[in-house]
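> Its first residue numbered 1, the sequence shown is counted upward by one per residue in this note's numbering. The structure that follows is given in the form of structure tokens.
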Amino acid sequence: MKVSRRGILVGAAVGGGLLVAWTLRPRSFPTPLEPAEGEYAFDAWLKIAEDGVVTVAVPQLEMGQGVTTILPQIVAQELGADWRQVAVEPAPVSGAYANVPLAARWAALWMPFAPSLAESETDIATTRFAQMSRFTATADGSTISAYEIPSRNAAASARAVLAMEAAERWDVRWEECEVADGLVRHGERSATFAQLVAGASEREPPDPPPLRPEPMSERPMPGEVEGAGAFPRLDLPSKVDGSHVFAGDVRLPDMVFAAIRHGPLDRAELTAFNPSAGDGNPRVLGHVDGKAWLAVVASDWWTADRTVDAMTPRFRVTAPVDSDTIEQRLGDAVRDGPSARLRRIGPDNSVLDDPDFARRYDIEPAIHAAIETATATARLTDGRLELWLASQAPERTRVAAAEALGLSEEDVVLYPMPAGGSFDSRLDDRHAVEAAIIAREIGRPVQLVWSRWQEHLAGFPRAPAAATLAARFVPNQRGRIAVLRTRIAVPATARELGGRLFDGKPHWEARKDVAEEADPLAVEGAWPPYDIPDMALNHAPLDIGLSTGPMRGGAHGYTAFMVESFVDEVAAEFGREPLSYRIEMLGEDTRLVQCLQEAARLARWNGGLSQSGQGIACHRMQRFGATGRIACVATARRGEGGIQVTRLSAAVDLGRIVNLDIARQQIEGGLVFGMAQALGASTTYRDGLPQAQRLADLNLPTLADCPEIEVEFLPGESEPFDPGELGVAVAAPAIANALYSATGLRFRRLPLISGGL
């Protein structure tokens, strides 16, 4: 082995592979990849087989965002592989795949006593935590930031040793060899990866790895230009023909099925049920009662679900939540509850005593509504637990299951499955723990599937919120904002997540522990991109009696609605054209100005005139040293069946784009997801129970409801920004502003039709 001057530990791995740990200080890990016969592992990221197939390990959950194409694409481009010979496999949990950028972003969640010691990717505490805890969570669009450089380094090292092997055979310098399309070439000579891999695996790569001059990027094309990209999605064929295996498709010998009923989202306790409801039915195999749930196991899921229903479980809840109570608590907090100043510029004035203009905005709880509900398969054999499920935090799920069964973590194996949607709901590990307990009690492999009703009942909704925005204007400048004060009352959702995820606390305990703690992530996105000289942002945390969780878009999903609705209202108050008013206040952010102008061009913007049904909004997000920008023009009207959105035109700045097709898919999908948040996807609560019990209760857009969508990308060379959440943030305010121009009514609540038309 050799420790290089750059802190890279390189060593021979099982099967002739190479393992590189990229850390601040050298640290070795067991080789995470296990090459099959005829395969050779190169670092923790790829294997090359004797038939030339390149298999890339992906340590992130595929939940529709295309990560099982993005990372293999980066590796293929750096390696010089033929895309037709690239395969993918889920990476095993290992410190070699530590998501250090996300660990830094979430420092306050896992180290709340001293987060300042770990808020940078370069902090030794951050790296050590991420590696030691094998933290590979999929969240907040961190994949490229965390894994582009390590995977490129691995691919560059493999490319170098392949070239070295060929160069020695041809008696030339390896630096003179070209590697592309799965071949190593020098002049008229060429050799395939298959011909070179065995010898290459025995060689030591150069230090540092010889990266190609330019990282992976694709140039934007006009939206109307069609044609297959150079890197089509690897998961597309199996998803089209139905052969793609999700968590619910797992089948094991002697496997049985479980259905479950939970108590409401508080400290619920199972108090009574009818255990004889399944008597006489040979398909019913037994039941398992937990502290706050009851499950029935049967030879098929439908029988289990009908039987657990017939058992009529009863729960005791100490303080069942009600929407009226939530509204009252939010109202009290946003008016005069304790708050923390999270950010300011200009004079340190805590309040704006006599604003020229003020408005309040309200947000209802929102349901994730992923297509695939929580599903986990568990098998316990001779003290060894195996789990098959989709998880955004696989190592934390392993730890939770091990603790629940009294096993060591080494005795728990998790097989990561793709998710049929998640929207951050699969950061929760309760279904894995439940499946493990049921498998232990029944003594057979079991697949637990939450029904849609249980997903709504037991899932953690996006937090409700209330906000006031107050402004004072520059005299005689027609609405130019001089002072802006934003105050948002919302639970400390991210800190709640931290208590559950990192400390293993029950959700009610995690919620109460942070009820009075300010949470910057809970109000992220409320800081406007506009050039306003005096601004302040306050968070008023509170306990609403309902545990909450993150959702796609994070706080941006509601803060962008608040800010862009407010800006639009100011423009209307002063008779200003909404586009030019925004551009006037954007100051030096010329990229966002370009987005606004391009979106207006796409939509044939007419100024948002009365009865036009056009509304405009823009938003900026900053994460992991990258900035994403989006502007959107929505066209909407009030129809017989409610609100009809007929067109969404968006211009986007992502910086460097890694995969253009996936970026477009993510923006389009985000816009539709944001439209769902604008028009539905929410629930009220009564006696602790969500009133939306089915998908049909959520007013989600169907295919027939989806508008015409146009997306254009600005060319850029800056650090790539993940496209998955920008569309979510901008859709609701654009639609709300469009409805104002169509109807003259201003909607200040999400979903927009919750107060009626």
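Glycine is no exception: its CB is placed at the ideal position from the N, C-alpha and C atoms.
Can you tell me whether S145 is buried or exposed? The criterion is at least 16 other CB atoms within 10 Å of its CB, across all chains shown.
Flag for S145 reads buried.
> Enumerated in chain order, which unbroken segments of the beta strand (DSSP E) with a length of 3 residues or greater are wholly contained in the stretch 43-120?
Entirely contained in the stretch 43-120, the beta strand (DSSP E) runs reaching 3 residues are, in chain order, 46-49, 54-58 and 86-90.
> Using a Cβ-Cβ cut-off of 6 Å (strictly less than) and excluding sequence neighbours within five positions of Q644, which residues of its own chain qualify?
Excluding sequence neighbours, Q644 sits near R637.
> Closer than 8 Å to a non-hydrogen atom of the ligand MN - does that hold for the CB of R105?
Only the bare structure without any ligand can be found here, which leaves the ligand MN out of the picture.
> Tell me which same chain residues have a C-beta within less than 7 Å of the C-beta of R84, skipping the five on either side of it?
The answer is none, since no qualifying residue turns up.
> Use the C-beta contact count for E409: other C-beta atoms within 10 angstroms, 16 or more gives buried, fewer gives exposed.
The residue in question, E409, is exposed, as its Cβ has fewer than 16 Cβ neighbours within 10 Å.
> Take E386 and list the residues in its own chain whose beta-carbon comes closer than 6 Å to its own, dropping the five residues that flank it on each side.
Hits under 6 Å: R379 and V413.
> If you compare alpha carbons, which of D362, D503 and Y147 is closest to F624?
If we check each option's Cα against that of F624, Y147 comes out closest.
> According to DSSP, is R173 helix, strand or coil?
In this structure, R173 counts as coil in the three-state DSSP scheme.
> How far does the alpha helix (DSSP H) with L285 in it extend, from its first residue to its last?
Looking at the DSSP string, L285 is not in any alpha helix (DSSP H); the run it does join, the beta strand (DSSP E), is V284 to D289.
> In the DSSP assignment, what residue or residues form a beta bridge with F713?
Beta-bridge pairing links F713 to V652.
> Would you check if the distance between the CB atom of Q447 and the CB atom of A258 is smaller than 9 Å?
It is a contact, given that the beta carbons lie within the stated cut-off.
> For Q693 and R261, I'd like the C-alpha separation in whole angstroms.
Cα to Cα, the separation comes out at about 13 Å.
> Cβ of I48 within 9 Å of Cβ of R152?
It is not a contact, given that the beta carbons lie outside the stated cut-off.
> Under the rule that 16 or more other beta-carbon atoms within 10 Å means buried, what is M132, buried or exposed?
M132 is exposed by the Cβ-count criterion.
> What are the partner residues of G489, as DSSP defines its beta bridges?
Contrary to the premise, residue 489 reads as Ala rather than Gly in this sequence. Beta-bridge pairing links A489 to A466 and A540.
> Taking the beta strand (DSSP E) that W293 belongs to, which residues open and close that run?
First-last of the beta strand (DSSP E) with W293: W293 to A298.
> Give me the DSSP bridge partner(s) of A636.
For A636, which the question treats as bridged, DSSP gives the partners V645.
> To the nearest angstrom, how far is the alpha carbon of M585 from that of C618?
About 12 Å.
> Within a Cβ cutoff of 6 Å, which residues of the same chain sit near G553, ignoring the five residues on either side of it in sequence?
Excluding positions up to five away in sequence, the list reads E725, V728 and A729.
> With burial defined as no fewer than 16 other Cβ atoms inside 10 Å of the residue's Cβ, what is the status of D324: buried or exposed?
Counting Cβ neighbours within 10 Å, D324 comes out exposed, since fewer than 16 surround it.
> Would you check if the distance between the CB atom of A432 and the CB atom of A376 is smaller than 9 Å?
Against a cut-off of 9 Å, the Cβ pair of A376 and A432 comes out as a contact.
> How far does the alpha helix (DSSP H) with Q447 in it extend, from its first residue to its last?
It is not in any alpha helix (DSSP H) - Q447 instead sits in the beta strand (DSSP E) that spans V446 to V449.
> What's the call for T493, buried or exposed, on a 16-neighbour Cβ count within 10 Å?
Buried, because 16 or more other Cβ atoms sit within 10 Å of the Cβ of T493.
> Could you tell me whether the Cβ of E708 comes closer than 9 Å to any Cβ of chain D?
No chain D is part of this structure, which consists of one protein chain only.
> To the nearest angstrom, how far is it from the Cα of S4 to the Cα of I437?
Confidence at S4 is low in this model, with a pLDDT of 32, below 50, so the placement of that residue is unreliable and no value is reported for it.
> With DSSP run on the structure shown, which of helix, strand or coil describes D332?
Helix at D332.
> Distance check for R314 and G274, CA to CA, integer angstroms please.
Note on residue identity: the sequence assigns Asn, not Gly, to residue 274. Near 10 Å, if we compare the C-alpha coordinates of R314 and N274.
> Identify whether C618 lies in helix, strand or coil by the three-state DSSP scheme.
In this structure, C618 counts as strand in the three-state DSSP scheme.
> May I ask you to verify whether the stretch 694-703 touches the stretch 476-487, counting CB pairs closer than 8 Å and requiring at least 3?
Output reads no: the stretch 476-487 does not touch the stretch 694-703.
> Identify whether L183 lies in helix, strand or coil by the three-state DSSP scheme.
L183 falls in the strand class under three-state DSSP.
> For the candidate residues Y97, R185 and F561, whose alpha-carbon lies nearest to that of A81?
The option with the nearest alpha carbon to A81 is R185.
> P475: which of A200, D356 and A522 sits nearest, CA to CA?
If we check each option's Cα against that of P475, D356 comes out closest.
> Between which residues of its own chain and S339 is the CB-CB distance below 7 Å, once the five residues before and five after are set aside?
Counting only Cβ-Cβ distances below 7 Å, and skipping sequence neighbours, we find R487, N538, H539 and A540.
> Assuming W110 and G498 are in contact, meaning their beta carbons sit under 8 Å apart, how far apart are those beta carbons, in whole angstroms?
Contact flag correct, Cβ pair sits at about 6 Å.
> Assign F357 to one of three DSSP states: helix, strand, or coil.
Looking at F357 - three-state DSSP - the assignment turns out to be strand.
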